[in-house]
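All residue numbers for the sequence shown refer to our numbering, where the first residue is 109 and numbers rise by one. First comes the structure, then the notes that go with it.
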Amino acid sequence: MDRITVAPGITFPDTSDGRTYVAGAVITDPQGRVFTQRRSPHRRIFPHCWDIVGGHVEHGESMLQGLAREVTEETGWRVSEVLAELFSIEWDPGDGITRHESDYLVRVEGDLQAPQLEPDKHTEYMWVDDSLVHRLRDERDPGDYFITDIVQRGLDAARGL
C-alpha cells in the first residue's frame with residue numbers, strides 16, 4: 109500500500125466493524141475515459157450488466173487494501189493513485205445483506221489496452237467517454253442506472269484534475 113498515492117482529503121471507512129463493505133474503482137486513463145467491464149450472464153447479482161471494477165472487502169482488509177486487490181484480480185493492473193472519493197451508497201441486492209460501498213477515482217499502472225479480465229466473471233470491457241455512457245444502460249431495470257451515474261461522476265472528476 110505504500111506505493112499508492114492518496115489525494116489529500118480522501119477518507120476511507122473503518123472496515124473492521126463487522127459490516128459488509130464494497131470497494132469500487134472508477135479507473136481513468138490519460139484521455140479521461142473510464143474503464144467498464146461486462147459481468148458474465150451467469151452472475152447472481154447484475155448478470156450481463158456493465159460495471160466498474162470492485163468487490164467485497166475481505167475480513168481483515170482495509171478499504172484501500174480491498175480496492176487495490178480487486179483492481180489487480182479483475183484487470184491485472186496495479187492501483188498507483190487514488191484521486192478522488194466519488195460516492196458512497198448502502199444497497200441490498202435482495203439477499204438481506206446491506207453492502208456499504210465506497211467508490212474512488214483511481215489511476216493504475218499496466219497495459220491499459222490489455223486488461224486481464226476474470227474469464228468466469230467478466231466477458232468484455234469498454235473504455236467510456238461522455239459519448240458512450242448511454243451504452244451502459246443495457247439489460248437493466250430502467251430504475252437501476254447507478255452504473256451510468258458513477259461513471260459520469262468519474263468522467264466529470266477526471267476532467268477537473
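Glycine included, every Cβ here is placed at the ideal spot set by N, Cα and C. Please read these numbers as outputs of a predicted model, since none were measured by experiment.
N- and C-terminal bounds of the beta strand (DSSP E) containing Glu-217: Sequence index remark: in the sequence shown, residue 217 carries index 109 (1-based). From DSSP, the beta strand (DSSP E) with Glu-217 extends over 207–217.
So, does the region 131–147 touch the region 212–223, judging by three or more C-beta pairs under 8 Å? yes
Best match in Leu-175, Val-114, Phe-154 for proximity to Gly-202 [C-alpha to C-alpha]: Counted from its first residue, the sequence shown places residue 202 at position 94. Checking every option, the nearest Cα to that of Gly-202 belongs to Phe-154.
If you compare alpha carbons, which of His-167, Asp-237, Arg-152, Val-241 is closest to Lys-229? What you label residue 229 is simply residue 121 of the sequence shown in a count that begins at 1. The candidate whose alpha carbon is nearest that of Lys-229 is Arg-152.
Return helix, strand or coil for Arg-141, following the three-state DSSP convention. Here the question's residue 141 lines up with position 33 in the sequence shown. Here Arg-141 sits in coil by DSSP.
Residue ranges of each alpha helix (DSSP H) within the region 146–193, 4 or longer: 171–183
Does the distance from the CB of Met-171 to the CB of Ala-131 come in under 7 Å? Counting from one through the sequence shown, the residue named residue 171 turns up at place 63. Counting from one through the sequence shown, the residue named residue 131 turns up at place 23. For Met-171 and Ala-131, yes; Cβs fall inside 7 Å.
Sub-7 Å separation of Thr-256 and Arg-207 beta-carbons: Against the sequence shown, residue 256 aligns to sequence position 148. Against the sequence shown, residue 207 aligns to sequence position 99. Result no, Cβ atoms of Thr-256 and Arg-207 do not sit closer than 7 Å.
How would you write the range of the alpha helix (DSSP H) that Gly-262 sits in, first residue to last? Working through the sequence shown from its first residue, we reach residue 262 at position 154. Start and end: 254–267.
Quick check: the Cα distance between Gly-268 and Val-241, rounded to an integer number of angstroms? Translated into positions along the sequence shown, residue 268 becomes position 160. Translated into positions along the sequence shown, residue 241 becomes position 133. Roughly 18 Å between the two C-alpha positions.
Buried/exposed call for Arg-146, threshold 16 Cβ in 10 Å: If you number the sequence shown from 1, residue 146 lands on position 38. With 16 or more Cβ atoms within 10 Å of its Cβ, Arg-146 is classed as buried.
Could you tell me whether the region 217–227 touches the region 177–187, where touching means 3 or more Cβ pairs closer than 8 Å? yes
Closest by CA to Ile-118, which one among Glu-198, Phe-143, Ser-210? Position 10 of the sequence shown holds residue 118. The residue with the shortest Cα to Cα distance from Ile-118 is Ser-210.
With a threshold of 7 Å on Cβ separation, who are the neighbours of Leu-194 within its own chain once the five nearest residues in sequence on each side are excluded? Residue 194 sits at position 86 when you count from the first residue of the sequence shown. Around Leu-194: Val-134, Asp-211, Tyr-212, Leu-213, Ile-258, Arg-261, Gly-262, Ala-265.
Straight-line CA distance for Thr-113 to Leu-191? Taking the first residue of the sequence shown as position 1, residue 113 is located at position 5. Taking the first residue of the sequence shown as position 1, residue 191 is located at position 83. Distance between the alpha carbons of Thr-113 and Leu-191: 8 Å.
If the criterion is Cβ atoms closer than 7 Å, does the pair Ser-124 and Thr-231 meet it? Looking up residue 124 in the sequence shown gives position 16. Looking up residue 231 in the sequence shown gives position 123. Not a contact, by the Cβ cut-off of 7 Å.
Using the Cα positions of Cys-157 and Leu-244, report the straight-line distance between them to the nearest angstrom. Residue numbering aside, residue 157 sits at position 49 when the sequence shown is read from its first letter. Residue numbering aside, residue 244 sits at position 136 when the sequence shown is read from its first letter. About 8 Å.
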